[in-house]
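The numbering of the first sequence is this note's numbering, which starts it at 5 and goes up by one.
C-beta: ideal position from N, C-alpha, C; glycine also.
Computed from a predicted model, the values in this text were never measured in an experiment.
Before any comments, here is the structure.
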Amino acid sequence: MPIRLHDSLTRSPRELKPAQPDGIFRFYNCGPTVYAPAHIGNFRTFVVNDVIRRLLELEFGADKVKHVRNLTDVDDKTIKRARDEGRPLADVTKQWTEKFHADCAALNCLPPHIEPTATGHIKEQVDMIDVLMQKGNAYRAADGSVYFKVSSFDGYGALSRVKERELQVGSALSGKSQAADADEKEDVSDFALWKAYKPDDGANAWESPWGRGRPGWHIECSAMSKKHLGDTIDLHTGGVNLLFPHHENELAQSQCCNGTTFAHHWYHSEHLLVDGKKMSKSLGNLYTLDELVAKGFSPMALRYALLMGHPRKQLNFSLDSMHAAESALKSIYRTASYFCKAAGKSIGDLYSTECLSSPSWLTFEKTRDSLWDDINTPEAFGRFFLTLAIADSNRGETTNHSLDEFNAFSKVLYVLGIDLRPQDLKLEAPAAITALAEKRWAAKQSKDWAGADALRKELTAAGWNMKDGKDGYTLEPLKK
RNA sequence: GGUGCGGUAGCCAAGUGGUAAGGCCGAGCUCUGCAAAAGCUCUAUCGGCGGUUCGAUUCCGCCCCGCACCUCCA
């Protein structure tokens, strides 16, 4: 079944498919700038892109998808951070790259096949700029910086409709934003390909035919994409804020340099809002994964919460949605155990790769349809829960389809990237707690209700809940 | 000023030209010595005003409100 995905350039849903004869799907996803911990809004984009990656793998085969996501490890922000902390740039970016990787892993995001860095591709960037200079799409300004000449590319603005915007420049914008480095540029909309060295850059400069300096932000992605995926890619993604100017500029550079279509498909996910506003430090509504974990929430709940809205619509995040996510996950887990029971499998078996090769979706077909149709995750979850409710009422009864259904269920979990295994780990209670529980169980058996109640109070005070069953009990820590 | 996107139950959020998925919360019931857990049930007429239509939340127009982008913030 073809995957349909909204294309930002044509503003319509289009089928995703590899354009080149080798059948490899080339997927480029703009990655993070590594100067601080990524916030949950950043992760919305990465989680959505992870779903796209998983979708592509199921559709085309895991070996037919090439996923590249870069790390921006040199720019104004990273340099400033290093300068402020008095550390080498590489130290700072290494620290935050590792943090980013840890967070991604916690959120169950598959690592990209290639994760190139800007500093690791200086030569490739210089080479591209060189071609643009030769073709007359770029010029060197008096200060030694090289700029892309926007007027040299007719297609400029197609992606973000920037031309309409240009007409109004100067009205509400007062021109202060352009003033910054407009002095050296021929035109305010021209943008830097190579930035001449400034003392603030410290040790972070490289040699080029135009003098010492560092690459501009946009050329990074063009160069890394070209190096690892070739002149034309199948899909280029990022957050909406990258639409302009980043992607518009990338498109211009790459097409002028390579003389061919840059990306067949563009996709942008919308922003995460907190309390109705975009997250920002000044509003104090910015969350990181660590902060949520410190509040007692699981990373998986965040992943779920981030997928509860349509990826192309702004999603309003709140702590309530984290509570909702934890509860929903719990109920998915419960039903999962029914599927496992019916198929004679364990929760861990849900994550074996064999399940993915099973062709059928059975009762999960509609859930699949929602995902394949422009990754409509909220609709998918709606349909998913409907199916779970039916399975719930069957309570793990074994049928002819039990194994197939188990596999189909596993595939849904795979595409959504929901890992139930953390919930499967039963926490071992300390010996003292177990002793109390044993005592209470004995009291209960001898119908000493008062004694049993007193012991329950002690357990509660110690932070544990004792769940009585028919033939025994289980202990679980109370929620914070 | 321009561009784009929204306003659906207490909260979050899908969707459709024919009388509104789902999740959370809440309420009631069942079960249970207690406590949980679990199961069942219940909870909206879709920002406002017009128009098109046999019929609109879904199409068109106007208005009100919100958000984002145009500032190297996913």
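**OP:** With a threshold of 16 other CB atoms inside 10 Å of the CB of residue 177, please say whether the residue is buried or exposed.
**Re:** Low local confidence applies: a pLDDT of 42 at residue 177 is under 50, so the model's placement there is unreliable, with the coordinate-based value given in what follows. The residue is exposed, with fewer than 16 neighbouring Cβ atoms inside 10 Å.
Original post:
How is the alpha helix (DSSP H) around residue 70 delimited, first residue to last?
Top reply: Not the alpha helix (DSSP H): residue 70 falls in the beta strand (DSSP E), residues 69 to 73.
Original post:
What is the C-beta distance between residue 37 and residue 81, in whole angstroms, given that I count them as a contact (C-beta under 8 Å)?
Top reply: Indeed, because the Cβ distance is near 6 Å, the residues count as touching under 8 Å.
Original post:
beta strand (DSSP E) containing residue 197: first to last residue?
Top reply: Its beta strand (DSSP E) spans residues 195 to 200.
Subject >> Own chain, CB closer than 6 Å to residue 227, minus 5 neighbours either side, in chain order >> reply: 125, 128, 129 and 132, listed in sequence order.
**OP:** Flag this pair as touching only if the stretch 266 to 274 and the stretch 339 to 347 have three or more C-beta atom pairs under 8 Å; answer yes or no.
**Re:** Counting Cβ pairs under 8 Å, fewer than three are found: no touch.
Original post:
Apart from the five residues on each side of it in sequence, which residues of its chain come closer than 8 Å, Cβ to Cβ, to residue 8?
Top reply: Once the five neighbours on either side are set aside, the close Cβ partners of residue 8 are 17, 18, 19, 20, 376, 377 and 378.
**OP:** Identify whether residue 238 lies in helix, strand or coil by the three-state DSSP scheme.
**Re:** Residue 238: coil per DSSP, three-state reduction.
Subject >> Bridge-paired residues (DSSP) for residue 442 >> reply: As DSSP reads the structure, residue 442 sits in no beta bridge.
Original post:
Taking buried to mean at least 16 other C-beta atoms within 10 Å of its own C-beta, is residue 566 buried or exposed?
Top reply: There is simply no residue 566 to check, as the chain begins at 5 and stops at 484 in what is shown.
Original post:
If you check the beta carbons only, do residue 35 and residue 93 fall under 8 Å apart?
Top reply: When the beta-carbon positions are compared, residue 35 and residue 93 stay at least 8 Å from each other.
**OP:** Pick helix, strand or coil for residue 472, following the three-state DSSP scheme.
**Re:** Of the three classes helix, strand and coil, the one that applies to residue 472 here is strand, per DSSP.
Subject >> Start and end residues, alpha helix (DSSP H) containing residue 89 >> reply: Here the alpha helix (DSSP H) through residue 89 covers 80 to 89.
Original post:
Enumerated in chain order, which unbroken segments of the alpha helix (DSSP H) with a length of 4 residues or greater are wholly contained in the stretch 23 to 73?
Top reply: You should have 44 to 64.
Original post:
Is the distance from the Cβ of residue 405 to the Cβ of residue 366 below 8 Å?
Top reply: The Cβ atoms of residue 405 and residue 366 sit closer than 8 Å to each other.
Subject >> Beta-carbon gap between residue 160 and residue 252 smaller than 8 Å >> reply: Cβ distance < 8 Å, so residue 160 and residue 252 count as in contact.
Original post:
Under a Cβ-count criterion, where at least 16 other Cβ atoms within 10 Å of its own Cβ denotes burial, should residue 477 be classed as buried or exposed?
Top reply: Residue 477 is exposed by the Cβ-count criterion.
**OP:** Name the residue from 314, 420, 456 and 31 whose alpha carbon lies nearest to the alpha carbon of residue 234.
**Re:** When each option's Cα is compared against that of residue 234, the closest is 31.
**OP:** Starting from residue 455, trace the alpha helix (DSSP H) both ways and give me its first and last residue.
**Re:** Boundaries of the alpha helix (DSSP H) around residue 455: 453 to 465.
**OP:** Go through its chain and collect everything with a Cβ distance to residue 322's Cβ below 8 Å, but skip five positions before and after it.
**Re:** The beta carbon of residue 322 lies closer than 8 Å to those of 278 and 279 in the same chain, with the five residues before and after it left out.
Original post:
Would residue 306 pass as a contact of residue 44 if the rule is Cβ separation under 8 Å?
Top reply: The answer is yes: Cβ separation under 8 Å.
**OP:** State the DSSP-derived secondary structure class of residue 274, mapped to helix, strand or coil.
**Re:** Reduced to three states, the DSSP call for residue 274 is coil.
Original post:
Which same chain residues, not among the five before or five after residue 171, have their C-beta less than 8 Å away from its C-beta?
Top reply: A caution first: residue 171 carries a pLDDT of 47, below 50, which makes its placement in the model too unreliable to give a value.
Original post:
Of the choices 148, 53 and 298, whose alpha-carbon is the least far from that of residue 114?
Top reply: Nearest option by C-alpha distance: 53.
Original post:
Grouping DSSP H, G and I as helix and E and B as strand, with all else coil, what is residue 285?
Top reply: The answer is coil: DSSP assigns residue 285 none of H, G, I, E or B.
Subject >> Bridge-paired residues (DSSP) for residue 219 >> reply: As DSSP reads the structure, residue 219 sits in a beta bridge with 198.
Subject >> Residues near residue 179 by beta carbon distance below 6 Å, same chain, minus five either side >> reply: Per-residue confidence for residue 179 stands at a pLDDT of 41, beneath the threshold of 50, marking its modelled position as unreliable; the derived number appears in the next sentence. Once the five neighbours on either side are set aside, residue 179 has no close Cβ partner at all.
**OP:** Take residue 73 and list the residues in its own chain whose beta-carbon comes closer than 7 Å to its own, dropping the five residues that flank it on each side.
**Re:** Cβ neighbours of residue 73 beyond the five flanking positions: 33, 35, 116 and 119.
Original post:
By Cβ distance, which residues of its chain are closer than 6 Å to residue 60, with the 5 residues on each side in sequence left out?
Top reply: Excluding five sequence positions before and after residue 60, the CB atoms of its chain that fall closer than 6 Å to its own CB belong to 29 and 69, given in chain order.
**OP:** Would you mind reading off the limits of the alpha helix (DSSP H) that contains residue 398?
**Re:** Following the DSSP letters along the chain, one finds residue 398 inside the alpha helix (DSSP H) bounded by residues 381 to 398.
Original post:
If you draw a straight line from the C-alpha of residue 395 to the C-alpha of residue 479, how long is it?
Top reply: For the pair residue 395 and residue 479, the Cα-to-Cα distance works out to about 26 Å.
Original post:
Could you check where the alpha helix (DSSP H) with residue 372 kicks off and where it finishes?
Top reply: From DSSP, the alpha helix (DSSP H) with residue 372 extends over 369 to 376.
Subject >> Distance between residue 372 and residue 403 (C-alpha atoms, nearest Å) >> reply: So the two alpha carbons sit approximately 22 Å from each other.
Original post:
Hey, out of 410, 89, 337 and 319, whose CA is closest to residue 360's CA?
Top reply: For residue 360, the nearest C-alpha among the options comes from 410.
**OP:** Give me whichever residues DSSP pairs with residue 269 in a beta bridge.
**Re:** Residue 269 is not bridged by DSSP to any residue.
**OP:** Starting from the C-beta of residue 174, find all residues in its chain whose C-beta is less than 7 Å away, skip the five residues before and the five after it, and write them out in chain order.
**Re:** The predicted model places residue 174 with a pLDDT of 40, which falls under 50 and marks its position as unreliable; any figure quoted below should be read in that light. If the five residues before and after residue 174 are omitted, its C-beta is found closer than 7 Å to no C-beta atom of its own chain.
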